[in-house]
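Input: a single structure, listed below in structure tokens.
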Amino acid sequence: MNLDGFLRRLDEAQAQHAKEALRRPSQRDEFEYGRMCGIYAGLERAKQLVEDMLAEQERKGANL
9 MNLDGFLRRL DEAQAQHAKE ALRRPSQRDE FEYGRMCGIY AGLERAKQLV EDMLAEQERK
69 GANL
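Numbering (this note's numbering), first residue to last: 9 to 72.
This is the structure:
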């Protein structure tokens with residue numbers, strides 16, 4: 009799997025997580041809400057790190 013495939017899987021996981029979080033919002037307490045938000049934010053951060061890494065590789069390649 010390449011990095012584009014990895015990013016696509018992160019997007020899919022994030023979307024699935026968001027759907028699950030919205031499926032039964034009234035059955036979640038404050039802790040669970042915070043946990044769900046944290047997981048979503050963690051997936052977003054992982055995507056950003058991969059995108060930053062790719063951009064850095066492109067800059068380094070252009071400077072050769």
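Quick reminder that beta carbons are idealized off the backbone N, C-alpha and C, glycines included.
- Message: For the alpha helix (DSSP H) containing Asp60, name the first residue and the last one.
- Response: Start at 1 with the first residue of the sequence shown, and residue 60 comes out as number 52. Residues Glu38 to Ala70.
- Short Cβ contact (9 Å threshold) for Leu57 with His25: Sequence index remark: in the sequence shown, residue 57 carries index 49 (1-based). Sequence index remark: in the sequence shown, residue 25 carries index 17 (1-based). Taking 9 Å as the Cβ cut-off, Leu57 and His25 do not qualify as a contacting pair.
- Message: Can you give me the C-alpha to C-alpha distance between Leu72 and Met61, rounded to a whole angstrom?
- Response: Here residue 72 refers to the residue found at position 64 of the sequence shown. Here residue 61 refers to the residue found at position 53 of the sequence shown. At Leu72 the pLDDT is 49, less than 50, meaning the model places this residue with poor confidence; the figure from the coordinates comes in the next sentence. Near 17 Å, if we compare the C-alpha coordinates of Met61 and Leu72.
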